[in-house]
Amino acid sequence: MNELQEARQILMEKMSEVSRTIVFISSSHEETVSFKEYFAIKDFNIKSFKDPIEAFYWIKNNTTDLIICDVDLPNISGISLLRKVRLHKKISDIPFILTSSSVILYIPDARKAKANDLYQKPLDYDKLYK
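Everything in the sequence shown is counted per my numbering, starting at 1026 for the first residue and increasing by one.
Okay, here's the thing in structure tokens:
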């Protein structure tokens, strides 16, 4: 089992626990709406943000089980946000998935920043859920 598969398994175990709050960060309104619709049906609490800085402050002050974040965002990139999260002791162990339409370009940076996974956009919600 490779590193990403192990991370996925740990992530799925965490997601099956009682509190299931996902922070979804994307500048695309359509993507946010479809994500919320899919995961709300699965009984997840979804908190969405367009601004990664606003998301960071919310994550620091609230319980979050998973962060899914687009790489290309206004103000700072998803990778920069991931680095900030990993440096903050209280929230550093929250599973963090990056998304991009150009996954291959970001694999080295995602690994270096300690992303749990990197998904190709458009997102396949069934694959993400499993």
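All C-beta atoms, glycine included, are put in the ideal place defined by N, C-alpha and C.
Under the three-state reduction of DSSP output, THR1088 falls in the coil class, being neither helix nor strand. With 16 or more other Cβ atoms from the protein chains shown falling within 10 Å of its own Cβ, ILE1092 counts as buried.
If you draw a straight line from the Cα of SER1125 to the Cα of ALA1135, it is about 11 Å long. Taking the Cβ atoms as the reference, TYR1063 lies roughly 4 Å from TYR1150, within the contact range of under 8 Å. Of the other Cβ atoms in all chains shown, fewer than 16 fall within 10 Å of the Cβ of ALA1065; this residue is therefore exposed.
Counting along the chain, ASP1134 sits inside the alpha helix (DSSP H) bounded by residues 1128-1137. DSSP places PHE1069 outside both helix and strand once states are collapsed to three, so it counts as coil. Under the three-state reduction of DSSP output, SER1105 falls in the helix class.
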